[in-house]
Amino acid sequence: MGTRLLCYVAFCFLAVGLVDVKVTQSSRYLIKRTGEKVFLECVQDMDHERMFWYRQDPGLGLRLIYFSYDVKLNEKGDIPEGYSVSREKKERFSLILGSASTNQTSMYLCASSLSTAQHSHILSAQKEQM
């Protein structure tokens, strides 16, 4: 039996204030064989322009993989190697692992924010408006 990759997929939406948020995902855990292609999908219904994919490994903080300013406007984050993204619709941002490897076993988090939040400071999007 081949080596398996475990991805813990958590969907995290950052917004200012309290909002009624709908998040959809296919499964909480994803197990794939090494070498298989992996698709992780993030969907938000808040009409946010900015969307982000982060990775968190045990004992480490969040690391930005990719972020998107809007449809088809994607930028590499701190650790884009081995990943690609797709954003054909405003509400949907997909992370793709071209060939799963054991060093990609991690917790993956997706976030969205209003266009005023800074992508490099995840906590700035959690501050209340004054």
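Here the sequence shown stands for residues -21 to -1, 1 to 109, numbered as in mature numbering (1 follows the signal peptide of the UniProt record, and there is no 0). Quick reminder that beta carbons are idealized off the backbone N, C-alpha and C, glycines included.
Inset, instruction - Starting from Asn53, trace the beta strand (DSSP E) both ways and give me its first and last residue. - result: To locate residue 53, count along the sequence shown from 1; it is residue 74. Run containing Asn53: Leu52 to Lys55, per the beta strand (DSSP E) assignment.
C-alpha distance - Glu19 paired with Arg34, whole-angstrom precision:
Counted from its first residue, the sequence shown places residue 19 at position 40. Counted from its first residue, the sequence shown places residue 34 at position 55. The sequence given here places Leu at residue 19; Glu does not occur at that position. Taking the straight line joining both Cα atoms gives about 12 Å.
Quiz item: Could you give the distance in angstroms between the alpha-carbon of Asp36 and the alpha-carbon of Leu52?
Solution: Looking up residue 36 in the sequence shown gives position 57. Looking up residue 52 in the sequence shown gives position 73. Distance between the alpha carbons of Asp36 and Leu52 is about 27 Å.
Practice task
Mind reading off the beta-carbon distance from Phe28 to Ser94? Whole number of angstroms is fine, and I expect it under 8 Å.
Solution key: As a first step, residue 28 is located in the sequence shown; it is residue number 49 there, counting from the start. As a first step, residue 94 is located in the sequence shown; it is residue number 115 there, counting from the start. In the sequence on display, residue 28 carries Glu and not Phe. Yes, they are in contact, since the Cβ atoms of Glu28 and Ser94 sit about 5 Å apart, within 8 Å.
Practice problem: Closer than 6 Å by C-beta to Ser91: which residues in its own chain qualify, once you throw out the five before and the five after it? Chain order, please. | Solution: Position 112 of the sequence shown, counted from the first residue, corresponds to residue 91. If we look at Ser91 and ignore the five residues flanking it on each side, its Cβ neighbours are Phe(-9), Gln23, His27 and Met30.
Item to check | Inter-residue CB distance, Trp32 and Leu76 (contact presumed, cutoff 8 Å) | outcome: As a first step, residue 32 is located in the sequence shown; it is residue number 53 there, counting from the start. As a first step, residue 76 is located in the sequence shown; it is residue number 97 there, counting from the start. With a Cβ gap of about 11 Å, Trp32 and Leu76 do not count as contacting.
request  = Determine the burial state of Gly38: buried for a count of at least 16 other Cβ atoms within 10 Å of its Cβ, exposed for fewer.
outcome  = Along the sequence shown, one-based indexing puts residue 38 at 59. Label assigned to Gly38: exposed.
Grab the span of the beta strand (DSSP E) containing residue 114 for me, first residue to last. This structure leaves residue 114 out entirely; the chain is present only between -21 and 109.
Quick one: Cα of Thr84 to Cα of Ser63, how far? Counting from 1 along the sequence shown, the entry for residue 84 is found at position 105. Counting from 1 along the sequence shown, the entry for residue 63 is found at position 84. In a straight line, the C-alpha of Thr84 is about 16 Å away from that of Ser63.
Beta-carbon gap between Tyr48 and Pro59 smaller than 8 Å:
Here the question's residue 48 lines up with position 69 in the sequence shown. Here the question's residue 59 lines up with position 80 in the sequence shown. For Tyr48 and Pro59, no; Cβs fall outside 8 Å.
Residue(s) in a DSSP beta bridge with Ser63: If you number the sequence shown from 1, residue 63 lands on position 84. Ser63 pairs with Ile75.
Note to self: Whole angstroms are fine: how far does the CA of Leu41 sit from the CA of Gly56?
What the structure shows: Taking the sequence shown and counting its residues from 1, one reaches residue 56 at position 77. Taking the sequence shown and counting its residues from 1, one reaches residue 41 at position 62. CA-CA distance, Gly56 to Leu41, rounds to 11 Å.
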